[in-house]
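Chains as they are written, first to last, in the working numbering: chain A, 27 to 461; chain B, -8 to 204. Even glycine gets a Cβ: it sits at the ideal position worked out from N, Cα and C.
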Amino acid sequence: MSETSATTTPTGITGASILLDHVTKRFPGQVKPAVDGLTMEIPAGKIVMFVGPSGCGKTTTLKMINRLIEPTEGRIVVDGDDVTEMNGDTLRRGIGYVIQAGGLFPHMTVATNIGIVPKMLGWDKARIAARVDELLELVSLDPALYRDRYPKELSGGQQQRVGVARALAADPPVLLMDEPFGAVDPITRLRLQDELLNIQDELQKTIVCVTHDFDEAVKLGDWIAIFNEGAQLEQYDTPERILGDPASEFVENFIGSGAGLKQLTLTRVEEVGLAEAVVGNPGERAADVLARVAEAGHGHAVIVDDRRRPIQWLSRRKLGRLDVISDVPDPKLPVVGIRATLNDALDTMLVSSAGAALVTGRRDMFKGVIDVQTVMDAITRSQTAAVLESDQAPVGLNTGMFQVQASAASAASAASVDSVAEAADELAADTRAAQ
Amino acid sequence: MWDFLGDRYEQILFSGWQHFSLVVQCLILATVLAVVLAALVYRSKALTSVANSVSAIGLTIPAFALIGLLIAPLGFGVAPAVIVVAFFATLPILRNAVVGLSGIAPSIVESARGIGMSRFRTLVQVELPMAWPIILTGVRVSAQMVMGIAAVAAYSLGPGLGGFIFSGLSRSGGANSLESVLTGVIGVIVLALILDLLLVGLGRLTIPRGIRV
């Protein structure tokens, strides 16, 4: 196993790789195993989403990683170390765990809740207090305000944040999340998802997250594992490839309609090229601006205020009718932020019926124009890219189920069924070596 | 009546204190016993229902009968009084402790285990503190109940205010007999009220704000 642990970890990644090796779980009194011979590699520093219908074994698989559920057969390897036999409590102290609604202890304050794992690990008081404040800042809660509150004095979203902070308290390399955002309202959920992505940008943990919400999986996941009953891996791949090239009918059905639209959520406005625009200022003579528009061959001019925030978007015809450009902001201006997804941008365009939208960056400063054609180009590009990439797809298959594997394997990489089966036997290290 | 009280002022205070002390010590013993028993049974459905049946049936045993039965092997004195009071005090607390422990959301226990707390640590740091308000309610019920039972325990010549009641009743119609009984009864009621107030205070001190109702 030394080869696996010696895997080159790029700088910045604090996560550890996880390997499930021929893991099977049979619950007493059940004929079919809940998890059937699953071999799966979870790369370090990535977010891997487990999705599938309820009862498919995704939560059981997650809980076997920290051995809340003991595997019947097989091995769990974290960061190259076989943890199947070690003390379960010690193992779990080194792995962050977040459940729905945070799972906070109601009789402890926020600070005590967060500090509980460091306390078990024997940190001194001052270090714990400093760590608690640091983590509260990380999850965007003011320490002075929230440190001494009890969970019932927090909103659902805040409880969830504290839950994430508690899981991160002892700086574990791995974070397991079991439907973490299931109990909060949709608006809070979106914000928490964004925050998780920001935190992950900073910390680069290995995050394994169970969800039943495919859109959430697409948004958060670097890799998505789609499970069928008995934790059969139907497809284990990037969101782009799952959307662009579903491995089976089951995956197609699971994605549901609108795969094309969902792809739009994968790309942000800042990642596509923006068009230039003619810019004018209030107080200028309309004829001057019109001349510049004509010279550039554009149809419109964007009027920005003294801090470069767009306030009007005038067509040639309107410019022709005006004398001096006013400084009254147009409330219906189609504006999207540069961090918005193409999905949001397209929505703004459709609502404004302009076929284009103004893009603003930090402090609402005007950046450029995005139009429908740009979005179309981005979709085409990502579809072609999706079919090409995927050399680095992590290993994931169920042993003894070659019918299912064959399709998963051929989609996952160009490798033959034989070589994937071999990889399962010889573990991830060999696969990496082969690549 | 006032003469009766005035004459026996010191004796009444002393007996009252002994009564109170007997009840409080037995309550502490009973709480420890009940919590340990509850911790042993609450995770098994079968044992839980056994515990519940025992506490329900146990309460139907007449205290007077139990005292009488215990005098034979243990003789007169403090021992049978302590055993009877502690026995009856345990039952309501046991019931509440079992209810409190099994009423904790499984997700809380799972999250405690998930962050690496051992079975025992989960019980001590999470489950018992969360069940404590319910356990304490059981202690208050017990306290009220065994105040009266401790009076009956005076039959075995145990300590406490029961002595006034029995001596008054045995001399029914005689001089100061009514005064004696009233002193015992009112004394028990006053002590019960004082103890209840103290237990409410204990709750204020020991139940964290996060789970106070």
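Could you check if A:F53 is buried or exposed, using at least 16 other CB atoms within 10 Å of its CB as the buried criterion? exposed
Report the partner residues of A:N254 according to the DSSP bridge assignment. A:Q258
Which term fits B:A103, buried or exposed, when burial requires 16 or more other beta carbons within 10 angstroms of its beta carbon? buried
For the segment 92 to 109 of chain B, list every residue whose C-beta sits within 8 Å of some C-beta in chain A, in sequence order. Listed by position, the residues of the segment 92 to 109 of chain B near chain A (Cβ gap below 8 Å) are S98, I99, E101, S102, A103, R104, G105, I106, G107, M108, S109.
Using the DSSP secondary-structure output, state which residues sit across from A:F392 in a beta bridge. A:T386
Cutoff 6 Å; reference B:E118; Cβ partners in own chain excluding five residues on either side: Non-local C-beta neighbours of B:E118 in its own chain, meaning closer than 6 Å and more than five positions away in sequence, comprise L92, I95, ordered along the chain.
Using DSSP with H/G/I as helix, E/B as strand and the rest coil, what is A:H48? strand
Does any residue of chain A bring its CB to less than 8 Å from the CB of B:I140? no
Look at A:I396 and A:V328 and say whether their C-beta atoms are less than 8 Å apart. No, they are not a contact pair.
Beta-carbon contacts of A:G325 that lie in its chain and below 7 Å, excluding the five residues immediately before and after: Listed in chain order, the non-local C-beta contacts of A:G325 below 7 Å within the same chain comprise S341, R342, local neighbours out to five positions each way being set aside.
Cβ neighbours of B:D187 in the same chain (closer than 8 Å, five flanking residues each side left out): R131, A134, Q135
Any chance the segment 97 to 113 of chain B sits against the segment 41 to 59 of chain B, with 3 or more Cβ pairs inside 8 Å? Flag = no, the segment 97 to 113 of chain B and the segment 41 to 59 of chain B do not touch.
So with Cβ pairs under 8 Å, would you call A:A435 a contact of chain B? Only weak support exists for where A:A435 lies, its pLDDT of 40 falling under 50; the value from the coordinates is given anyway. Under the Cβ criterion of 8 Å, A:A435 is not counted among the residues facing chain B.
Using a cut-off of 8 Å between C-beta atoms, extract the partners of B:R200 located in chain A. Y176
If the cut-off is 7 Å on Cβ atoms, which residues from the segment 315 to 335 of chain A count as contacting chain B, listed in chain order? none
Compare the beta carbon distance of A:T98 and A:K51 with 8 Å and say whether it is the shorter of the two. For the 8 Å CB-CB criterion, A:T98 and A:K51 form a contact.
Taking the straight line between their C-alpha atoms, what separation do you get for A:R118 and A:N369? 39 Å
Considering just the uninterrupted stretch of the alpha helix (DSSP H) at A:L269, what are its terminal residues? 265 to 270
How far does the beta strand (DSSP E) with A:H326 in it reach, from first residue to last? If you look at A:H326, you'll find it in the beta strand (DSSP E) that goes 326 to 330.
May I ask you to report which of helix, strand or coil DSSP gives A:T232? strand
Per DSSP, what are the beta-bridge partners of A:S378 in this structure? None, per the DSSP bridge assignment.
Span of the alpha helix (DSSP H), counted from its first residue to its last, around A:D314: 312 to 322
Within 9 Å of chain A by C-beta, residues of the segment 17 to 31 of chain B in sequence order: Contact residues of the segment 17 to 31 of chain B toward chain A are absent (C-beta to C-beta distance below 9 Å).
Option nearest A:L359 by Cα separation, candidates A:I337, A:G100, A:Q185: A:I337
Taking one C-beta from the segment 124 to 135 of chain A and one from the segment 100 to 110 of chain A each time, how about it: are there three or more such pairs within less than 8 Å? no
What residues in the segment 119 to 145 of chain B bring their beta carbon closer than 7 Å to a beta carbon of chain A? Result list: P120, M121.
Please report how far the alpha carbon of A:E310 lies from the alpha carbon of A:V319, in whole angstroms. Cα to Cα, A:E310 sits roughly 14 Å from A:V319.
Taking A:R173 as part of the alpha helix (DSSP H), name the residues at either end of that continuous run. Here A:R173 belongs to no alpha helix (DSSP H), and DSSP marks it neither H nor E.
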